[in-house]
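Note sheet for the following structure.
Numbering (the numbering used here), first residue to last: 848 to 1446.
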């Protein structure tokens, strides 16, 4: 019997393949017979013979290519390279039959035939029917099992199908996940390429919110069936979020500088009420404008529009990550500790070292309050960073700011925990004074910056947590009397009166509020020291610690519903008259603009 596959006419073979049919007997139709006549003369039931034909066709195409005849090979490659919406594009059934034949010949698809493999990998498959997707998935598994050099390409292709496309449907992403899961289970070595592929395909921060959300949601879904990459993936997502967070703060600072240039006359005086623009006020301003006027009546500066869009993007991304972490951290499995440890690692390696970060740190703020054990771990990290002299001083400064802000603002903290942390900090202050109080220096702020940062954090905590720092359990409704404070808090008296003079170098806002609260609660009177410092400022200049507290009020709209139940708002102290001391007004007016109060 003459073989159909032995024909040297590749177009004829192509017709056989494209029609998805086969000869039903040993009588082979004439090669000049049209495709419709050929189709009607063959059986539709003998799939086994059809597969044999297609395997023979693929083998012959590869054999001919090895001998220098590329016609059959190119014809085969073009079947997969053809765009699905063109007139001559092969049907899903035709491609599926070819894929089955290629699956049986993967041992021959080495690097010399990479163009064919690339055409298959680049072909449209996720949008086809379930039968085709299963066939394509089997091909991928067989290919990388036989030809491991294609493994990176296959992993990249699969991850690229997690990206947003305007025509993508949920089922398309399900197909991509099914194929990826199959490949990872079949070829364990594929895991080594997974994270790098995910990282490489991350959308840039200036891409649309939909693009960001689609990819991150798909990547988090991958983590559910590949738990080993949860940690690295969380770190990568947090890194992307923090880039947006920082960019917002940079743009806000730039807008602030531009506003200063606009509203200042030649004589240096301001012609408008001074205002420090923060990310939160900027967002609220635009929200208010949008609700009062239509877009056709607003001419918004591009930079402000971009900032608002970035904040909306940041808000949605954080909400997505909060939601994902919520299901993981509240589970009863041991994986919750792995996820939390990954958050801690990201915090130490990235967030803690990023000064301009405004919102990303609330991930750990919230997560650490879900479980007392989580709280202990986080506070342990902060105290170690802050109080360990072997740590870089910039990191210790950041740690001091974080521990002060966290203890003041974390609503779930127990009274005993607050007292322990404050006691640790005051004991450190005492030890530092014993060692360094008598040292002379021309630049006290630079030399003793960690000392001032820790004192400032204690002042800040005192203003928020004075109730918890009382020995009496009835302090919620009464003013504490002298000697009712926890042991160790009296060290603040020594610190304030020391030659290092923390009230001089700590933030004026913090100092003034501490002075009010401490005086009202009969803890100590420090206004005389503040007045002496004020006179010294006139002579020496104004140089103090930054009033940066990373857990200042959370202003993002959507994600705030997750943070708020865990957030301790500033509460007015019963009986405290805000105007009881006039000295603080003079002191404040003699300094530069202090910006938004941390209270």
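Even glycine gets a Cβ: it sits at the ideal position worked out from N, Cα and C.
Check	Outcome
Mapping DSSP to helix, strand and coil, what is residue 1299?	helix
Please look up how many angstroms separate the CB atoms of residue 1072 and residue 1009, rounded, as I've assumed it's under 8 Å.	Not really, about 13 Å apart at Cβ, beyond 8 Å.
Would you call residue 1115 buried or exposed, if buried means 16 or more other Cβ atoms sit within 10 Å of its Cβ?	For residue 1115, the predicted model reports a pLDDT of 41, less than 50, meaning its position is unreliable; a value from the coordinates is still stated below. Residue 1115 is exposed by the Cβ-count criterion.
Starting from residue 1317, follow its DSSP beta bridges and name the residues at the other end.	1332
So for residue 1362, helix, strand or coil by DSSP?	helix
Note down, in chain order, each residue of its chain lying with its Cβ closer than 8 Å to the Cβ of residue 1275, except the 5 sequence neighbours on either side.	1234, 1301
Provide the residue span of the alpha helix (DSSP H) that contains residue 1283, from first to last.	1262 to 1283
So, under 8 Å CB-CB, residue 1380 and residue 1402 are touching, yes? Tell me the CB distance rounded to an integer number of Å.	With 8 Å as the limit, residue 1380 and residue 1402 do not qualify as a contact, their Cβ atoms being about 33 Å apart.
Do the stretch 931 to 945 and the stretch 966 to 984 make contact, defined as three or more Cβ pairs closer than 8 Å?	yes
How should residue 1372 be labelled, buried or exposed, when 16 other C-beta atoms within 10 angstroms of its C-beta is the threshold for buried?	exposed
To the nearest angstrom, how far is the alpha carbon of residue 1297 from that of residue 1238?	11 Å
Is DSSP giving residue 1029 helix, strand or coil here?	helix
Find out if the Cβ-Cβ distance for the pair residue 1067, residue 1040 is shorter than 8 Å.	no
What's the C-alpha gap between residue 1309 and residue 1047?	47 Å
Quick check on residue 1058: does DSSP put it in helix, strand or coil?	helix
Beta carbon of residue 1213, beta carbon of residue 1049: below 8 Å?	no
Going by DSSP in three states, residue 1257 sits in which element: helix, strand or coil?	strand
Can you tell me where the alpha helix (DSSP H) holding residue 982 begins and where it ends?	977 to 993
Near residue 1294, which residues of its chain fall below 7 Å by C-beta distance, leaving aside the five closest residues on each side in sequence?	1288
Buried or exposed for residue 1446, going by 16 or more other Cβ atoms inside 10 Å?	buried
Residue 920 by DSSP, collapsed to three states: which one?	helix
Using three-state DSSP, classify residue 1395 as helix, strand or coil.	coil
In the DSSP assignment, find the alpha helix (DSSP H) that holds residue 1415 and state where it starts and stops.	Residue 1415 -> no alpha helix (DSSP H), and no H or E assigned at all.
My output table needs one value for residue 848: the three-state DSSP class, helix, strand or coil.	Reliability fails at residue 848, whose pLDDT of 36 lies under 50, so the model's placement of it is uncertain and the value that follows must be treated cautiously. Coil.
Would residue 1410 pass as a contact of residue 1209 if the rule is Cβ separation under 8 Å?	yes
Assign residue 907 to buried or exposed, taking buried as 16 or more other Cβ atoms, counted over all protein chains shown, within 10 Å of its Cβ.	buried
How many Å lie between residue 1292 and residue 1087 at the Cα?	34 Å
Can you list, in chain order, the residues of its chain whose CB lies under 8 Å from that of residue 1284, leaving out five sequence neighbours each side?	1345, 1346, 1347
Can you tell which of 1248, 1336, 1246 has the C-alpha that lies nearest to the C-alpha of residue 1267?	1336
Thinking just about the alpha-carbon of each residue, which of 1262, 1161, 1064 is nearest to the one in residue 1205?	1161
Would the beta-carbon of residue 1198 fall within 8 Å of that of residue 1089?	yes
What is the rounded straight-line gap between the Cα of residue 1399 and the Cα of residue 1000?	46 Å
Does the distance from the C-beta atom of residue 988 to that of residue 1030 stay below 8 Å?	yes
If we ignore side chains and look at the alpha-carbon of each, how far apart do residue 1280 and residue 1419 end up?	33 Å
Relative to the C-alpha of residue 1355, which residue among 1303, 1333, 1366, 1331 is closest?	1303
Three-state secondary structure (DSSP) at residue 1446?	coil
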